[in-house]
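2 protein chains.
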Amino acid sequence: MISKKEHHTDTPLHLDEKDMGILRLLQQDAKMTIRDIAGQLNLSTTPVYERIRKMEQAGVIKQYAAIVDPRKIDKSLTVLCYITLKEHNKKCGKKFIQEILNFTEVTECLNISGEFDFMIKVQVKDMDEYREFYVNKLGELDNLSHTQSIFVISVIKATHQVVF
Amino acid sequence: MISKKEHHTDTPLHLDEKDMGILRLLQQDAKMTIRDIAGQLNLSTTPVYERIRKMEQAGVIKQYAAIVDPRKIDKSLTVLCYITLKEHNKKCGKKFIQEILNFTEVTECLNISGEFDFMIKVQVKDMDEYREFYVNKLGELDNLSHTQSIFVISVIKATHQVVF
DNA sequence: CTTAATTTGGAACAAATTTCTATTTTATTA
DNA sequence: TAATAAAATAGAAATTTGTTCCAAATTAAG
Numbered sequence: 001m002i003s004k005k006e007h008h009t010d011t012p013l014h015l016d017e018k019d020m021g022i023l024r025l026l027q028q029d030a031k032m033t034i035r036d037i038a039g040q041l042n043l044s045t046t047p048v049y050e051r052i053r054k055m056e057q058a059g060v061i062k063q064y065a066a067i068v069d070p071r072k073i074d075k076s077l078t079v080l081c082y083i084t085l086k087e088h089n090k091k092c093g094k095k096f097i098q099e100i101l102n103f104t105e106v107t108e109c110l111n112i113s114g115e116f117d118f119m120i121k122v123q124v125k126d127m128d129e130y131r132e133f134y135v136n137k138l139g140e141l142d143n144l145s146h147t148q149s150i151f152v153i154s155v156i157k158a159t160h161q162v163v164f
Numbered sequence: 001m002i003s004k005k006e007h008h009t010d011t012p013l014h015l016d017e018k019d020m021g022i023l024r025l026l027q028q029d030a031k032m033t034i035r036d037i038a039g040q041l042n043l044s045t046t047p048v049y050e051r052i053r054k055m056e057q058a059g060v061i062k063q064y065a066a067i068v069d070p071r072k073i074d075k076s077l078t079v080l081c082y083i084t085l086k087e088h089n090k091k092c093g094k095k096f097i098q099e100i101l102n103f104t105e106v107t108e109c110l111n112i113s114g115e116f117d118f119m120i121k122v123q124v125k126d127m128d129e130y131r132e133f134y135v136n137k138l139g140e141l142d143n144l145s146h147t148q149s150i151f152v153i154s155v156i157k158a159t160h161q162v163v164f
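Structure below.
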């Protein structure tokens with residue numbers, strides 16, 4: 001499709017019902033052909049093509065991704081790990097964030113309200129691999145005050161769908 | 001690409017380094033051409049094409065998705081809502097799950113260990129819209145015992161990358 | 001109502017995917 | 001170790017899809 005590593009601008013973009021229709025379809029299946037999208041929305045290929053291009057450039061569409069099933073690649077254990085830092089100044093926060101970004105086991109890191117400062121989602125093979133991560137990677141950070149691990153028993157719903 | 005709504009089987013599939021290389025690339029950019037992938041991995045198009053097809057059919061690649069930036073479509077508030085049920089028998093659990101699946105605001109629902117039974121991730125416009133969801137949708141379920149809302153202050157990391 | 005700006009349809013073109021066949025590589029067995 | 005079978009690969013041909021172009025239609029502004 002389009003998206004040849006062109007930098008997306010932050011131009012605001014008003015999305016009408018046709019744009020939303022396109023997003024709805026592409027969220028579910030990014031491999032739909034422009035012709036098929038056009039067919040479903042009763043348009044021709046050109047407007048669909050142009051609208052997708054604009055949404056890519058505006059950053060509405062951030063990425064096209066192949067979604068891999070963790071269970072099929074032996075990364076079946078998901079753990080939510082809650083973290084509080086000892087010190088909360090800017091420098092310490094930046095350092096923590098930088099190190100978290102480098103941990104490939106961490107698929108998500110949220111700065112949150114409440115008792116803890118951060119929630120990280122860790123995707124690993126099994127409990128052994130989690131312990132390895134918890135002790136030798138997370139445990140080596142020097143600004144940690146308190147952590148709590150919550151284990152995911154089953155995934156009921158997981159979607160990227162934010163346009164309806 | 002491939003993936004013309006063919007049913008994926010659950011055939012186990014051994015993934016070698018070439019498959020992993022393909023997944024690595026497609027996770028980051030599903031629009032990469034087979035030629036480019038082949039170029040980067042020093043292969044020709046056919047093996048890359050066949051390997052992708054096999055991984056689609058085996059369910060390793062679950063989906064190709066356009067990732068939409070929630071901020072660009074006015075869904076900037078993310079809330080983690082923790083839930084315990086009154087009754088935990090199979091029937092009640094199924095009912096709860098069924099209703100959660102229908103809430104478009106809920107992008108994720110995990111059955112978890114610890115104090116609460118479920119964590120749901122809710123993606124909305126603002127606090128008004130969250131209140132609306134919390135009171136009129138979630139609050140209308142009849143099996144809820146206790147809930148807690150944790151608000152996401154900022155997203156540090158969010159990836160779908162599980163192959164490295 | 002008239003004009004300007006934007007959006008759209010449909011056809012022509014370029015580029016990608018998909019298929020096919022011959023060849024090479026890997027694995028198996030004698 | 002050599003011979004054979006099975007699987008994977010390269011390269012080119014066929015097909016499908018993405019992209020561009022321009023004229024027509026629609027919308028917005030004066």
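Which chain is which? The protein sequence lines are C and F, in order. For the first sequence, UniProt numbering assigns the number 1 to the initial residue and increments by one for each residue that follows. For the second sequence, UniProt numbering assigns the number 1 to the initial residue and increments by one for each residue that follows. Glycine is no exception: its CB is placed at the ideal position from the N, C-alpha and C atoms.
The ligand ZN heavy atom lying under 6 Å from the CB of residue i
| i | result |
| --- | --- |
| D142 of chain F | This structure simply doesn't include the ligand ZN, nor any ligand for that matter. |
Residue i, enclosing beta strand (DSSP E) - first and last residue
| i | result |
| --- | --- |
| K157 of chain F | L144 to A158 |
Exposed unless 16 or more other CB atoms sit within 10 angstroms - verdict on residue i
| i | result |
| --- | --- |
| V155 of chain C | exposed |
| residue 168 of chain F | In the structure as shown, chain F starts at 1 and stops at 164, and residue 168 of chain F therefore has no counterpart that could be examined. |
| M119 of chain F | buried |
| V163 of chain C | buried |
| D16 of chain C | exposed |
| M20 of chain F | exposed |
| H14 of chain F | exposed |
| L138 of chain C | buried |
| M32 of chain F | buried |
| H88 of chain C | exposed |
| H160 of chain F | buried |
| F140 of chain F | First, the residue type needs correcting, since residue 140 of chain F is Glu and not Phe in the sequence shown. So E140 of chain F counts as exposed. |
| Q63 of chain C | buried |
| M127 of chain F | exposed |
| Q98 of chain C | exposed |
| E65 of chain F | The sequence shown places Ala at residue 65 of chain F, rather than the Glu named in the question. A65 of chain F comes out buried. |
| K75 of chain C | buried |
| L110 of chain C | buried |
Beta-carbon proximity check, residue i vs residue j, cutoff 7 Å
| i | j | result |
| --- | --- | --- |
| residue 192 of chain F | V48 of chain F | One cannot answer for residue 192 of chain F here, as it falls past the ends of chain F, which runs 1 to 164. |
| S145 of chain F | V79 of chain F | no |
| F116 of chain F | Y82 of chain F | yes |
| E105 of chain C | V135 of chain C | no |
| I73 of chain F | R51 of chain F | no |
| D29 of chain C | G59 of chain F | no |
| T45 of chain F | R35 of chain F | yes |
| K121 of chain F | E108 of chain F | yes |
| K86 of chain C | N42 of chain C | no |
| K157 of chain C | L101 of chain F | yes |
| residue 194 of chain F | S113 of chain C | Residue 194 of chain F is absent from the model: chain F starts at 1 and stops at 164. |
- Uninterrupted alpha helix (DSSP H) stretches inside the stretch 78-134 of chain F (no shorter than 4 residues): The DSSP assignment places complete alpha helix (DSSP H) segments of no fewer than 4 residues inside the stretch 78-134 of chain F at 90-102, in order along the chain.
- Task: Entirely within the UniProt domain "HTH asnC-type" (15-76) of chain C and at least 3 residues each: give me those beta strand (DSSP E) ranges in chain order.
- Result: The UniProt domain "HTH asnC-type" (15-76) of chain C is shown to contain whole beta strand (DSSP E) runs of 3 or more residues at 61-68, in chain order.
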